[in-house]
Structure formats: C-alpha cells, structure tokens
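Residue numbers (the working numbering): 162 to 500.
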C-alpha cells in the first residue's frame with residue numbers, strides 16, 4: 162500500500178512539474194542544445210579566464226546576444242512588417258481583375274504557348290472570387306504569424322537567459338544527467354550519452370553547414386542575376402535556412418523585384434535557380450553532413466530530419482536524428498544481449 166501511495170504521489174509531482182515548465186520547454190531544450198554544441202568553446206574561454214565560472218558564462222551569453230539574438234530580432238521584425246504589405250499587394254492584384262502576368266508570354270520559346278494554355282485552363286474572371294475568399298483566412302494567418310514572431314523573440318530572450326545557467330553550472334547538470342542515464346539505461350549509459358552529445362553536435366553543424374552552402378549558392382545566383390546587395394541577401398538566406406521554407410522567402414521576392422523592373426529573363430532564371438540549385442543543397446548536403454558525425458546511416462538521417470520536422474516542428478530537425486540514433490543503439494545492445 163505504501164508503495165502505491167509513493168508511486169501516486171511521485172506521479173502527481175512529476176505531472177505538476179511538467180505543467181510548470183511546459184511553457185518554457187522549447188526554450189530549455191534549445192538552451193541545452195546550444196550549451197552542448199558550444200561547450201568546448203566555453204571550456205576554452207573558462208580556461209583562459211583562470212577557471213572562473215560566472216564571467217565566462219556572461220561573456221558567452223554576450224556573444225550570443227550580439228551575434229545571434231540582435232540580428233535575428235531585426236530580421237523577424239522586418240519580416241513582420243513586410244507580411245501585411247505582401248497581403249495588401251495580393252488583394253489589390255485580385256481586385257484589379259486577376260489577369261495573368263505579362264511576363265509569361267515573354268518567356269523565350271514556350272512563352273506564347275504557355276500563356277495560351279493557362280488561359281484555356283484557368284478562367285481569371287471566375288477564379289478571382291475564389292481567391293478573394295481564400296484571402297480571408299490568409300488575413301487571419303497574418304495575425305497569427307505576427308503573434309508567433311513576437312513569441313519567437315520572447316523564446317530567443319529566454320534561451321539566452323537559460324543558457325547562462327547551463328554554462329555556469331554545466332558540470333553539475335552533466336553529473337545529474339549521467340546519474341539519470343545510469344539509472345535508466347545501466348551499462349548503456351556511457352554509450353547513449355556519447356550518442357546524444359555527438360548526434361546533437363552533428364545535427365547542429367549539419368544545419369550550419371547547409372545554411373552556409375545555401376547562402377553561397379544563393380549568392381552565386383544573385384551575382385548572375387546582377388542583384389544589388391548580394392552580401393546582405395546571402396546573409397538573410399543563411400539565417401533563414403534553418404527554416405524549411407526559409408530561402409524562398411528571400412529569393413522569391415528578389416525574383417518578383419526583377420520582374421517588376423522588366424528583367425523577365427533573370428526573374429525566371431532566379432526562380433529555376435532557387436528551386437533546383439538552392440533547394441538541392443538542403444535536400445542532399447544536410448543529411449550528408451549529419452551522417453558524418455552521427456552514428457546513423459544516411460537513409461535514417463533522411464527519415465530523422467524530415468520525419469522529425471513533421472512530428473515535432475522546428476525542434477524535430479534535431480530531435481528526429483537524436484531519437485533514431487538512441488533507438489538504434491538500444492536495438493544493437495538488445496541484439497548483443499540475445500546472442
């Protein structure tokens with residue numbers, strides 16, 4: 162009877178603790194991932210400052226604020242300001258009668274044929290009311306996106322606050338995690354701990370490497386199209402590459418701007434470059450980089466990355482490969498014990 166009471170009380174306390182930290186769970190996970198990935202740099206900083214704990218942690222947080230939080234804040238604010246303008250342009254375009262863009266007929270070789278086929282397949286006059294109805298939920302989505310952007314800024318601030326304590330008290334947290342892993346997985350604890358750390362770092366380095374690759378490829382496309390501000394646009398592609406549809410938010414408006422200036426050929430080129438070149442970097446380079454450091458075959462990395470995003474959203478980029486790596490290690494250990 163006493164055991165049952167203890168289990169019930171422990172369960173109630175655990176559930177209560179979960180509900181308390183649930184609003185901050187995403188920020189805690191991101192802060193933990195950030196601390197794990199940058200821990201070697203923090204150890205080097207701490208050694209160069211005489212082994213102190215608080216000042217190196219403050220320095221690392223300051224670098225994160227200057228290098229990550231402030232640029233992302235300006236970027237998110239700029240996106241929030243541009244979304245209503247884009248919706249207003251779409252409403253004005255539909256209200257004007259929804260005519261097919263003139264640049265379609267100007268596409269070399271296939272332009273006239275494509276324009277004729279679209280006119281045959283689509284009746285602009287009947288399609289305009291339907292698009293007008295679709296704009297109503299789109300307006301609600303814009304308001305929801307603005308709220309999400311505000312929440313994202315709050316989460317970023319919270320991550321920088323929490324990661325300070327992970328830096329300062331890192332050895333204590335690591336010891337508690339080792340005790341927990343020992344209690345849960347026994348002899349597998351050290352192996353699973355190494356898998357967690359190595360996979361986390363591999364995924365993050367894969368994301369950063371992919372973002373850098375997409376930024377370089379996008380910069381080449383902007384240079385070919387003779388777009389001004391190549392460095393700034395490439396940097397924006399680098400920042401937004403961690404989001405599944407991030408890069409099109411940059412090269413898409415640039416292609417529209419090229420079309421509006423009359424450079425139809427380069428607008429079409431940039432669309433093809435974005436779809437086939439920039440997107441290919443994300444589809445092939447990311448799993449390849451992740452598989453180099455994680456103890457996962459390339460096929461499972463594909464499943465972990467894309468399945469993780471579908472299951473957990475943005476965090477699934479990291480959690481998906483980690484969970485598959487841990488599951489694969491546990492399966493191998495079980496097979497060893499049954500031999």
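Note that CB positions come from ideal geometry on N, CA and C, so glycine has one too. Because the structure is a prediction, the values reported are computed rather than measured.
Through-space distance from residue 202 to residue 315, alpha-carbon basis: 26 Å
Nearest to residue 443 (by Cα), restricted to the options 461, 429 and 467: 467
For residue 215, does the count of other Cβ atoms within 10 angstroms reach 16, so buried, or fall short, so exposed? exposed
Taking only the alpha-carbon atoms, compute the straight-line gap between residue 380 and residue 391 and give it to the nearest angstrom. 6 Å
Residue 211 by DSSP, collapsed to three states: which one? coil
Which of the three DSSP states, helix, strand or coil, is assigned to residue 387? coil
Three-state secondary structure (DSSP) at residue 217? helix
In its own chain, which residues sit with a C-beta less than 7 Å from the C-beta of residue 206, not counting the 5 before and 5 after it? 217, 220 and 221
Can you tell me the Cβ-Cβ gap for residue 369 and residue 479, rounded? I've got them flagged as a contact below 8 Å. Residue 369 to residue 479, Cβ: 12 Å. No contact.
State buried or exposed for residue 363, treating a residue as buried only when at least 16 other CB atoms are found within 10 Å of its CB. buried
By Cβ distance, which residues of its chain are closer than 7 Å to residue 166, with the 5 residues on each side in sequence left out? none
Hey, how far is the Cα of residue 510 from the Cα of residue 400? One cannot answer for residue 510 here, as it falls past the ends of the chain, which runs 162 to 500.
Could you check where the alpha helix (DSSP H) with residue 343 kicks off and where it finishes? 331-346
In chain order, what residues of the same chain lie with their CB nearer than 7 Å to the CB of residue 386, ignoring the 5 residues before and after it? 419, 427, 430 and 431
Around the C-beta of residue 375, are 16 or more other C-beta atoms found within 10 angstroms, so that it is buried, or is it exposed? buried
What are the complete alpha helix (DSSP H) segments, minimum 4 residues, inside the stretch 402-466? 409-421, 425-434 and 440-454
Are residue 320 and residue 191 closer than 7 Å when you measure CB to CB? yes
Local conformation of residue 271 per DSSP, three classes: coil
Own chain residues within Cβ distance below 7 Å of residue 448, not counting five before or after: 459, 462, 463 and 466
To the nearest angstrom, how far is the alpha carbon of residue 196 from that of residue 329? 10 Å
Measure how close the beta-carbons of residue 482 and residue 451 come, nearest whole angstrom, since I'm counting them as under 8 Å. 6 Å
Backbone CA spacing between residue 497 and residue 361 [nearest angstrom]: 25 Å
For residue 327 and residue 489, I'd like the C-alpha separation in whole angstroms. 28 Å
Roughly how many angstroms separate the alpha carbons of residue 227 and residue 235, rounded to a whole number? 12 Å
Alpha carbons only, please: which of 353, 223, 334 and 193 is nearest the one belonging to residue 484? 353
Taking the CB atoms as reference points, tell me whether residue 323 and residue 417 lie closer together than 7 Å. no
From residue 223 to residue 393, what does the alpha carbon distance come to, in whole angstroms? 23 Å
Out of curiosity, what's the CA-to-CA distance linking residue 170 and residue 180? 15 Å
Contacts around residue 333, its chain only, beta-carbon distance under 6 Å, and the 5 residues preceding and following it disregarded: none
For a quick check, are the C-beta atoms of residue 434 and residue 477 less than 7 Å apart? no
With C-beta atoms as the reference, is residue 494 less than 7 Å away from residue 349? yes
How big is the Cα-Cα spacing for residue 439 and residue 378? 6 Å
Could you compute how far the alpha carbon of residue 325 sits from the alpha carbon of residue 421? 47 Å
Cβ-based burial, residue 174 [other Cβ within 10 Å; buried from 16]: exposed
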